[in-house]
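Asker: The structure is given below, and queries will be raised subsequently.
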Amino acid sequence: MVLSQRGRHFSFKEKVLGQYFTPSVVSDFIVSFASLHLKNRVSACDPACGDGVFLNSMVKYGFKEVVGIDLDGECVRKVSGVIKEGVDLYVGDALRRDAGLGDGFSQVKENYFDLVAGNPPFSAKYGRVSDQRVLSCYGLGVGRRSQAVEVLFLERFIQLARVGGVVGIILPDGVLLNLNYRGVREFILNNCRVLAVISLPRSIFNSRSRTVSKTSILFLLKGGGFSGDVFTAIVESLDELPAVLEAYRLGRLTGFCHRVSITADSFHPRSYLVNAELNFNFPSVKLGSVVDEVFCGSTVYGVRRMFTDSGLRFISAKTVTRLGLDFTKDERCYIEAGGSMDKLKAHVRVGDVLFVRVGVGCIGRAAVVVDERDLGVVDDWIYVIRSSGVVSPYYLTVFLQSKYGRIQLEQAMRGVGTVTIPLRLLKEFVIPIPDIGFQDSFRVDYLRMVDYRRSGDYASSERIFSGMLNRLEEYFKNCV
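Okay, structure coming up:
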């Protein structure tokens with residue numbers, strides 16, 4: 001199988017020593033939420049148990065038969081030393097449906113458990129499964145050359161649950177909203193009732209990696225039929241999870257809890273909030289229809305990637321800040337004119353909007369090329385939005401970084417570890433077109449903001465940007 005014990009699966013270090021683990025507040029929430037749908041709390045299983053946090057929650061909430069499986073024998077031995085009673089632990093690959101015949105856990109039965117819950121490995125870090133012996137055992141794997149490991153674990157969770165049992169699983173957001181996973185969502189709707197989808201903050205995992213997947217919790221009732229309205233919540237802090245549980249238990253909807261009628265197009269809560277948030281009471285158009293062009297920058301890598309002490313400005317994603325282009329953020333300031341990195345198509349013009357298209361923490365940042373001092377060549381982490389004059393670049397830049405831009409960004413982002421936004425989806429962004437006077441008001445403030453930042457007065461620059469952002473959001477708050 002492609003997933004080796006040491007190289008491709010969660011390692012002992014990552015699971016137990018804190019490089020990657022599920023906080024107990026999350027596992028407790030999942031088990032307690034799922035328990036609201038179970039009359040009997042008898043059997044529970046985590047097929048990728050890792051550090052045992054879900055097993056501990058299952059015991060804590062009264063499950064009598066608790067089973068944990070993991071590929072990493074060292075990890076299982078560590079868990080067995082911590083959880084002394086009430087849990088059966090097995091070393092093996094839970095994705096191998098025939099594993100019970102010779103791997104020592106034949107008593108792990110399909111269509112048996114009241115609850116199957118956990119946080120399986122993700123393909124963004126651990127690769128895809130290509131072993132045909134494994135793929136042929138899954139409806140979501142048969143006939144494919146490979147499949148994402150989290151998708152196979154999702155189906156495995158469903159296989160292990162009894163009819164009427166509950167699945168609670170943490171998944172990367174891509175499975176819930178990306179177009180290429182639509183078939184997975186159709187499979188879910190055909191086999192389960194979707195009970196709830198809870199969007200989690202990106203920072204929930206304790207990881208030393210700079211790239212952390214954005215995830216959500218998916219709750220399913222096996223064999224439940226038509227999903228109807230589904231409970232959704234967008235959690236910005238783990239401290240909000242108890243309030244989400246209480247809102248669900250009492251049937252109350254709050255500012256971050258909603259009920260929506262989902263389809264296979266998307267399961268993600270933000271997909272269903274966009275339309276409500278962007279229902280402006282004046283003309284709105286798609287970005288691609290009001291700009292001359294939108295294109296990606298260009299650069300080279302390897303031995304041809306050379307920087308100089310003078311020449312053309314090199315505009316990297318680091319230099320694109322909400323306070324304008326700041327070349328002090330990247331020591332790689334210049335490239336040779338006419339050299340290997342001087343890409344004619346990547347030259348910017350005054351009035352262009354530069355939009356960072358990739359990378360956790362920087363995707364969605366935008367800045368205007370305000371004058372000749374900002375001219376240069378943009379790298380391939382950046383989209384260049386060239387205005388046609390219908391919309392002010394200064395207004396557009398602030399809008400893209402407002403909450404109205406961010407909710408569209410989060411819906412359009414693709415990828416699990418390294419997130420990006422496809423050009424075609426950026427062009428689909430809904431841009432309201434207010435009167436020209438309101439748009440022009442941002443030009444003066446934006447240029448003042450850049451002047452303060454260039455002089456080193458970042459505090460004044462930040463105040464101006466915050467003022468523009470608040471003014472724009474308050475204006476649209478009264479127009480939706």
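Mapping the sequence shown onto UniProt numbering, position 19 (from 1) lands on 19, and the numbers just tick up by one. Even glycine gets a Cβ: it sits at the ideal position worked out from N, Cα and C.
Could you please give me the residues that DSSP links to VAL358 through a beta bridge?
Answerer: In DSSP, VAL358 forms a bridge with THR420.
Asker: Could you tell me which of ILE262, SER199, PHE63 and PHE219 sits nearest to residue 546, measuring between CA atoms?
Answerer: Lying outside 1 to 480, the shown extent of the chain, residue 546 is not represented and no answer is given.
Asker: Pairs of beta-carbons, one from the stretch 414-431 and one from the stretch 357-364, closer than 8 Å: are there three or more?
Answerer: These segments touch.
Asker: Three-state secondary structure (DSSP) at GLY165?
Answerer: It is a strand residue.
Asker: Which term fits ASP352, buried or exposed, when burial requires 16 or more other beta carbons within 10 angstroms of its beta carbon?
Answerer: Buried, because 16 or more other Cβ atoms sit within 10 Å of the Cβ of ASP352.
Asker: Excluding the five sequence neighbours on either side, which residues of its own chain have a C-beta within less than 6 Å of the C-beta of ARG454, listed in chain order?
Answerer: So no residue of the chain qualifies.
Asker: In terms of DSSP beta bridges, what is GLU473 paired with?
Answerer: Paired residues: none, contrary to the question.
Asker: On the three-state DSSP scale, how would you describe PHE231?
Answerer: Three-state result, PHE231: strand.
Asker: Within the same chain, show all residues whose beta-carbon is closer than 7 Å to that of VAL290, passing over the 5 residues directly before and after it, in chain order.
Answerer: These residues qualify, in order along the chain: SER388, VAL390, VAL391 and ILE431.
Asker: Tell me whether THR22 is buried or exposed, calling it buried when 16 or more other Cβ atoms sit within 10 Å of its Cβ.
Answerer: The residue is buried, with at least 16 neighbouring Cβ atoms inside 10 Å.
Asker: Starting from the Cα of GLU336, find the closest Cα among GLU372, ASN470 and GLY376 and give me that residue.
Answerer: Checked all of GLU372, ASN470 and GLY376; the closest Cα to GLU336 is GLY376.
Asker: In whole angstroms, what is the alpha-carbon distance linking LEU135 and TYR458?
Answerer: Their backbone Cα atoms lie some 55 Å apart in a straight line.
Asker: Would DSSP call SER460 helix, strand or coil?
Answerer: Note: SER460 maps to helix in three-state DSSP.
Asker: Are the beta-carbon atoms belonging to SER402 and PHE355 less than 9 Å from one another?
Answerer: No. Outside cutoff.
Asker: Curious, which full-length beta strand (DSSP E) runs of at least 3 residues does the stretch 381-432 contain?
Answerer: Entirely contained in the stretch 381-432, the beta strand (DSSP E) runs reaching 3 residues are, in chain order, 382-387 and 430-432.
Asker: Spatial neighbours of ARG41 within its chain, please: C-beta separation below 8 Å, excluding the five flanking residues on both sides.
Answerer: The residues are SER35, TYR61, GLY62, PHE63, LYS64, ASP114 and LEU115.
Asker: State the DSSP-derived secondary structure class of ARG252, mapped to helix, strand or coil.
Answerer: Coil, per DSSP.
Asker: Which class does VAL377 belong to by DSSP, given the choice of helix, strand or coil?
Answerer: Here VAL377 sits in strand by DSSP.
Asker: Might you give, ordered along the chain, the residues of its own chain that have their beta carbon closer than 8 Å to the beta carbon of VAL260, omitting 5 neighbours on each side?
Answerer: Around VAL260: ASP229, VAL230, THR232, PRO269 and TYR272.
Asker: Round the Cβ separation of VAL79 and LEU95 to the nearest angstrom and send it over; I've been treating them as touching at under 8 Å.
Answerer: 19 Å between Cβ atoms; not a contact.
Asker: Classify MET449: buried if its beta carbon has 16 or more other beta carbons within 10 angstroms, exposed otherwise.
Answerer: By the neighbour-count rule (16 or more Cβ atoms within 10 Å), MET449 is buried.
Asker: Mapping DSSP to helix, strand and coil, what is GLY118?
Answerer: GLY118: strand per DSSP, three-state reduction.
Asker: Residues in its own chain within less than 6 Å of SER310 by CB, not counting five upstream and five downstream?
Answerer: If we look at SER310 and ignore the five residues flanking it on each side, its Cβ neighbours are TYR334.
Asker: Closest to ASN111 by C-alpha separation, out of TYR395, LEU238 and LEU160, would be which residue?
Answerer: For the residues TYR395, LEU238 and LEU160, the minimum Cα distance to ASN111 belongs to LEU160.
Asker: CA-CA distance, GLU428 and ASP380?
Answerer: Those two C-alpha atoms are separated by around 20 Å.
Asker: Quick check: VAL59 and SER24, are their CB atoms within less than 9 Å of each other?
Answerer: Result no, Cβ atoms of VAL59 and SER24 do not sit closer than 9 Å.
Asker: Under the three-state reduction of DSSP, which class applies to LYS318: helix, strand or coil?
Answerer: Of the three classes helix, strand and coil, the one that applies to LYS318 here is helix, per DSSP.
Asker: Taking all protein chains shown into account, decide if PHE153 is buried (16 or more other Cβ within 10 angstroms of its Cβ) or exposed.
Answerer: So PHE153 ends up on the buried side.
Asker: Note down the Cα distance separating GLN147 from VAL129, rounded to an integer number of angstroms.
Answerer: Rounded to whole angstroms, GLN147 to VAL129 spans 5 Å at the Cα level.
Asker: Helix, strand or coil for ALA337 per DSSP?
Answerer: Correct three-state label for ALA337: coil.
Asker: Between the beta-carbon of residue 498 and the beta-carbon of TYR394, is there less than 9 Å?
Answerer: Residue 498 falls outside the range modelled here, since the chain spans only 1 to 480, and no answer is possible.
Asker: Compute the Euclidean distance between the alpha carbons of LEU189 and GLY225, then round it to the nearest angstrom.
Answerer: So the two alpha carbons sit approximately 8 Å from each other.
Asker: So the candidates are PHE157, GLU155, TYR138 and ASP131; which of them puts its Cα closest to the Cα of ARG145?
Answerer: Nearest option by C-alpha distance: ASP131.
Asker: Going straight from the alpha carbon of ASP342 to that of THR299, what length do you get?
Answerer: Between ASP342 and THR299, the C-alpha separation is close to 8 Å.
Asker: Just to confirm the assignment: which complete beta strand (DSSP E) runs, minimum length 3, are found wholly within the stretch 45-113?
Answerer: Entirely contained in the stretch 45-113, the beta strand (DSSP E) runs reaching 3 residues are, in chain order, 65-70 and 87-91.
Asker: Within the continuous beta strand (DSSP E) that includes VAL294, where are the two ends?
Answerer: That run of the beta strand (DSSP E) goes 291-296.
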